[in-house]
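Presented below is the structure to which this report refers.
Number of protein chains: 2
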Amino acid sequence: MRKNLIVAQSGGPSVAINATLAGVIAAAQAAPGIDRVYGGIHGVEGIQAGKIVDLTDFHEMEKLKATPAMALGSCRCKLPPVDQKDAPIYQNLRRVFAEYDIGYFLYIGGNDSMDTVCKLARLFAGEPDAPVFLGLPKTVDNDLPLTDHTPGYGSAAKYLAITMNEIIQDTAIYAVPAVTIVEVMGRNAGWLTLAAGMPRFAGGTKPDIIALPEVPFDEEEFLRQVRETLSHSPNVVAAVSEGIRDKNGEYVGSSAKSGAVDTFGHAYLSGVGKYLEGLVKKEIGCKVRSIEINLMQRCAAHLASLADIEESFALGKAGVASALRGETGRMVALDRLSDSPYSVKLKTVAVEEVANLEQLVPEKWRDLSDPKAVEEIRDYILPLIQGEVPQFRNEYGFNEYITFMK
Amino acid sequence: MRKNLIVAQSGGPSVAINATLAGVIAAAQAAPGIDRVYGGIHGVEGIQAGKIVDLTDFHEMEKLKATPAMALGSCRCKLPPVDQKDAPIYQNLRRVFAEYDIGYFLYIGGNDSMDTVCKLARLFAGEPDAPVFLGLPKTVDNDLPLTDHTPGYGSAAKYLAITMNEIIQDTAIYAVPAVTIVEVMGRNAGWLTLAAGMPRFAGGTKPDIIALPEVPFDEEEFLRQVRETLSHSPNVVAAVSEGIRDKNGEYVGSSAKSGAVDTFGHAYLSGVGKYLEGLVKKEIGCKVRSIEINLMQRCAAHLASLADIEESFALGKAGVASALRGETGRMVALDRLSDSPYSVKLKTVAVEEVANLEQLVPEKWRDLSDPKAVEEIRDYILPLIQGEVPQFRNEYGFNEYITFMK
Numbered sequence: 000m001r002k003n004l005i006v007a008q009s010g011g012p013s014v015a016i017n018a019t020l021a022g023v024i025a026a027a028q029a030a031p032g033i034d035r036v037y038g039g040i041h042g043v044e045g046i047q048a049g050k051i052v053d054l055t056d057f058h059e060m061e062k063l064k065a066t067p068a069m070a071l072g073s074c075r076c077k078l079p080p081v082d083q084k085d086a087p088i089y090q091n092l093r094r095v096f097a098e099y100d101i102g103y104f105l106y107i108g109g110n111d112s113m114d115t116v117c118k119l120a121r122l123f124a125g126e127p128d129a130p131v132f133l134g135l136p137k138t139v140d141n142d143l144p145l146t147d148h149t150p151g152y153g154s155a156a157k158y159l160a161i162t163m164n165e166i167i168q169d170t171a172i173y174a175v176p177a178v179t180i181v182e183v184m185g186r187n188a189g190w191l192t193l194a195a196g197m198p199r200f201a202g203g204t205k206p207d208i209i210a211l212p213e214v215p216f217d218e219e220e221f222l223r224q225v226r227e228t229l230s231h232s233p234n235v236v237a238a239v240s241e242g243i244r245d246k247n248g249e250y251v252g253s254s255a256k257s258g259a260v261d262t263f264g265h266a267y268l269s270g271v272g273k274y275l276e277g278l279v280k281k282e283i284g285c286k287v288r289s290i291e292i293n294l295m296q297r298c299a300a301h302l303a304s305l306a307d308i309e310e311s312f313a314l315g316k317a318g319v320a321s322a323l324r325g326e327t328g329r330m331v332a333l334d335r336l337s338d339s340p341y342s343v344k345l346k347t348v349a350v351e352e353v354a355n356l357e358q359l360v361p362e363k364w365r366d367l368s369d370p371k372a373v374e375e376i377r378d379y380i381l382p383l384i385q386g387e388v389p390q391f392r393n394e395y396g397f398n399e400y401i402t403f404m405k
Numbered sequence: 000m001r002k003n004l005i006v007a008q009s010g011g012p013s014v015a016i017n018a019t020l021a022g023v024i025a026a027a028q029a030a031p032g033i034d035r036v037y038g039g040i041h042g043v044e045g046i047q048a049g050k051i052v053d054l055t056d057f058h059e060m061e062k063l064k065a066t067p068a069m070a071l072g073s074c075r076c077k078l079p080p081v082d083q084k085d086a087p088i089y090q091n092l093r094r095v096f097a098e099y100d101i102g103y104f105l106y107i108g109g110n111d112s113m114d115t116v117c118k119l120a121r122l123f124a125g126e127p128d129a130p131v132f133l134g135l136p137k138t139v140d141n142d143l144p145l146t147d148h149t150p151g152y153g154s155a156a157k158y159l160a161i162t163m164n165e166i167i168q169d170t171a172i173y174a175v176p177a178v179t180i181v182e183v184m185g186r187n188a189g190w191l192t193l194a195a196g197m198p199r200f201a202g203g204t205k206p207d208i209i210a211l212p213e214v215p216f217d218e219e220e221f222l223r224q225v226r227e228t229l230s231h232s233p234n235v236v237a238a239v240s241e242g243i244r245d246k247n248g249e250y251v252g253s254s255a256k257s258g259a260v261d262t263f264g265h266a267y268l269s270g271v272g273k274y275l276e277g278l279v280k281k282e283i284g285c286k287v288r289s290i291e292i293n294l295m296q297r298c299a300a301h302l303a304s305l306a307d308i309e310e311s312f313a314l315g316k317a318g319v320a321s322a323l324r325g326e327t328g329r330m331v332a333l334d335r336l337s338d339s340p341y342s343v344k345l346k347t348v349a350v351e352e353v354a355n356l357e358q359l360v361p362e363k364w365r366d367l368s369d370p371k372a373v374e375e376i377r378d379y380i381l382p383l384i385q386g387e388v389p390q391f392r393n394e395y396g397f398n399e400y401i402t403f404m405k
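First to last, the protein sequences are chains C and A. Numbering that gives the first Met the number 0 numbers the first residue of the first sequence as 0 and each following residue consecutively. Numbering that gives the first Met the number 0 numbers the first residue of the second sequence as 0 and each following residue consecutively.
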């Protein structure tokens, strides 16, 4: 009996998440076992309110693959515990799934979105005609466990590596001592900060300082490194994670100390770069500037990695195949077979082993004075940041993007 | 009698300033009237200290054209008044010019650098065998008078237009009301802020708010526009110049009120975006984020405009021709003949009419609700941001750049 498929996106955006969506739509359209292909607008929050578009006849896959952020929109919604099975959102979702005859629910997202997949799979567990609930990973942070890396990371890493290379050029022009502090995303995991370090790992000398959130940050040691670098170079460039903490686990930087938290109870961060800028100004007194790379690291589609986009597309297609095999409560993941030539294998893992867990930079890659670690990091990141994605430009030379939100 | 030429760079960097340098070197190497081609390291500050490299046999022009910032380094040096002709820096420069048998001095820079050219031309005026002093314009700010635009502006404008387009995509994904404030460079002139408005001028609807420094900024009116936009759209995007001022001419934003000034007596700016973020949070209370585009808008060589790079190269070559004709105390400038097909003519103007003056966005282009103004702005900017520049990548896929600083 042919059923319908619904796909939605959740959590923070990336440059590759629409490529995964394109893969799902393409494979679902081609699957004999699937009738209609629906898209949920604004994740489970929109789906439960009936915000659904029909994608069965959508065919602009290449343009969708080149569109940053989320063509279906997103939400940040934490579902109630599964034992509250009569919670309004669960009742609404049941009604919508029945109304649209949903046999397959595919959800593209990060840690919190996998929590949603996990809960829905449990909610419907053992029921006859229960939809298949499948997760598809994405996060620029690269912090999902049980997968070699996550779609979206490669493009963000490429943006950071190339931008860092340009910032290093820009800040090298004056003879007067100057310090530049570049603040990179990554609340707990240092993967993006490692990407910002690529100009050094790939044969250069800068950035001089790379501060991962996995390594306790010592302000005195930081100042010592700045002074030491200034003794032989007129300028210092530091790549610093937004989430660096001191040896007591306290976030470095003023606003981090305010105790503000986001919807999920994560500490709300901003201003680590600004804080260190002030510290250098006060303690060393030279010219100093901080740069927050901000949203650009997750939305710079013009610099997307072709390897990332094509892999994300393939992962979306694999998700449909897994769903058709009835793999509920699972997430598609990547196994790396080889760095060079780069080769990966797609598999699925139990979503409860992924949900709400974080994959940090492993211990062996945290000491960046170790040449072996640096070589391994470089070999890990390099294949993920290769290749240019075709751009769709309008008459003015501006990119045209797809959106399913009206 | 064959003389030698020296070229140097000064002021803030851009993506196109090395293309102008490449044009100067190429034309000087080819000119029968010129013997050696020298580069001064770190502008007049380095030249007076004898920091000079020989570029007579340098031939990697295409790679130099694709290198951001300044391959010769830069300085921010205000020369003393010309009546202080015995000032140490003037004595040192005379000695170096004599030692290196300099017949032509070409200086690539912005307003303050043209002040240097102006003073040196006056210092040597009427002397037999005085070098020719010629200025070549560059500034991402596009704020030099007597030229249609400045080299470097087109590439910065392209980066801002495309990045803004991506930010608009990124911030459109949630159903919850949110405000995004993008802070753009431009102390007094709104040219870069206009470039950030291009996604709207080229047929889109956002950014919703565009605040130029030429137009007095009214916080109440800003909040009214934010509220009005939120009444029909879940998200608001504002492009705001770093230099916006209130009706009394005071810079908007906290740190601007501290009274800090840079070497040239300009107010030191930062945090207008942060200030408005706080204002929206306090007065409207919705989700709000500010983004400072920072150095990326002036160093993103990966997104340089081919039109800008090739024009900058041609301008460098024209500078050598003008110098050979003995045009001292002048700056090469651009006259626009036509928007479409785009066509410009190179000319020279008296440097004292350029030095220390700023070209603001004209009165007729400040009312962005006027469709005629918007059409003219679009036609002005579009030809400057077209075309991709070939990239030189190493074995790792990273850009290779030229530097003459050891």
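Beta carbons: idealized from backbone N, C-alpha and C, even for Gly.
- The continuous alpha helix (DSSP H) containing K273 (chain C) extends over residues V271 to E282.
- For the 8 Å CB-CB criterion, A120 (chain C) and V350 (chain C) form a contact.
- Using beta-carbon distances, P67 (chain C) counts as an interface residue toward chain A, with a partner under 8 Å.
- Setting aside the 5 residues that flank it on each side, A201 (chain A) is surrounded in the same chain by R377, each with a C-beta closer than 7 Å to its C-beta; the list follows chain order.
- Within a 10 Å sphere around the beta-carbon of N355 (chain C) sit fewer than 16 other beta-carbons, which makes this residue exposed.
- For the 8 Å CB-CB criterion, G108 (chain A) and Q8 (chain A) form a contact.
- Look at T162 (chain C): its C-beta is under 8 Å from a C-beta on chain A.
- Sequence-ordered contacts of the stretch 376-390 of chain A with chain C read R377, L381, I384 and Q385 [C-beta pairs closer than 8 Å].
- Pairing A160 (chain C) with A238 (chain C), the inter-Cα distance amounts to about 11 Å.
- Cβ proximity to chain C below 8 Å picks out T66, P67, A68, M69, G72, S73, C74 and R75 from the stretch 49-75 of chain A.
- For P198 (chain C), the enclosing alpha helix (DSSP H) has its first and last residue at M197 to F200.
- Around the beta-carbon of H301 (chain A), 16 or more other beta-carbon atoms lie within 10 Å, marking it buried.
- Within the stretch 71-109 of chain C, the complete beta strand (DSSP E) segments at least 3 residues long are 101-108, listed from N- to C-terminus.
- At least one beta carbon of chain A lies nearer than 8 Å to the beta carbon of R297 (chain C).
- In the three-state reduction of the DSSP assignment, N234 (chain A) falls in the strand class, which pools E and B.
- The Cβ-Cβ distance between V343 (chain C) and L145 (chain C) does not fall below 8 Å.
- By the C-beta criterion, the stretch 40-51 of chain C is judged to be in contact with the stretch 63-76 of chain C, since at least 3 inter-stretch pairs fall below 8 Å.
- Rounded to whole angstroms, the gap between the alpha carbons of I243 (chain A) and D85 (chain A) is 41 Å.
- Of all alpha-carbon atoms in C:D217, C:Q224, C:D169 and C:D147, the one lying nearest the alpha-carbon of W190 (chain C) is that of C:D147.
- Secondary structure of D245 (chain A) (DSSP, three-state): coil.
- N141 (chain C) has no beta-bridge partner at all, per DSSP.
- Within the same chain, M60, L63, K64, F312 and G315 come within 7 Å of A21 (chain A) by CB-CB distance, once the 5 residues on both sides are set aside.
- Per the C-alpha coordinates, the member of C:G11, C:P136 and C:A29 positioned closest to V348 (chain C) is C:P136.
- Within the same chain, and ignoring the five residues on either side of A332 (chain A) in sequence, the residues whose Cβ sits closer than 6 Å to its Cβ are L145, T146, K346 and V348.
- Residues of the stretch 132-163 of chain A that bring their beta carbon within less than 8 Å of a beta carbon in chain C comprise A160, I161 and T162, in sequence order.
- Nearest CB-CB separation between N398 (chain C) and chain A: below the 8 Å threshold.
- DSSP lists C:V343 as the bridge partner or partners of R335 (chain C).
- Cβ contact annotation for Y400 (chain A) (same chain, cutoff 6 Å, sequence separation greater than five): T66, in chain order.
- As for any alpha helix (DSSP H) of minimum length 4 sitting wholly inside the stretch 3-77 of chain C, the runs are 16-29, 42-46 and 60-64, ordered along the chain.
- For H231 (chain C), there are no neighbours in chain A by C-beta distance under 7 Å, as the nearest C-beta there is about 13 Å away.
- In chain order, P12, P67, A68, L294, R297 and C298 make up the part of chain A whose C-beta sits under 8 Å from the C-beta of D169 (chain C).
- Three or more pairs of CB atoms, one per stretch, sit closer than 8 Å, so the stretch 172-180 of chain C contacts the stretch 284-299 of chain C.
- Listed along chain A, the residues sitting closer than 8 Å to A174 (chain C) by beta-carbon distance are H41, E44, G45, G72 and C74.
- For A201 (chain C), the nearest CB of chain A lies under 8 Å from its own CB, placing it at the interface with that chain.
- Between the stretch 156-173 of chain A and the stretch 380-397 of chain A, the count of Cβ pairs shorter than 8 Å is three or higher; the stretches touch.
- For F132 (chain C), the enclosing beta strand (DSSP E) starts and ends at V131 to P136.
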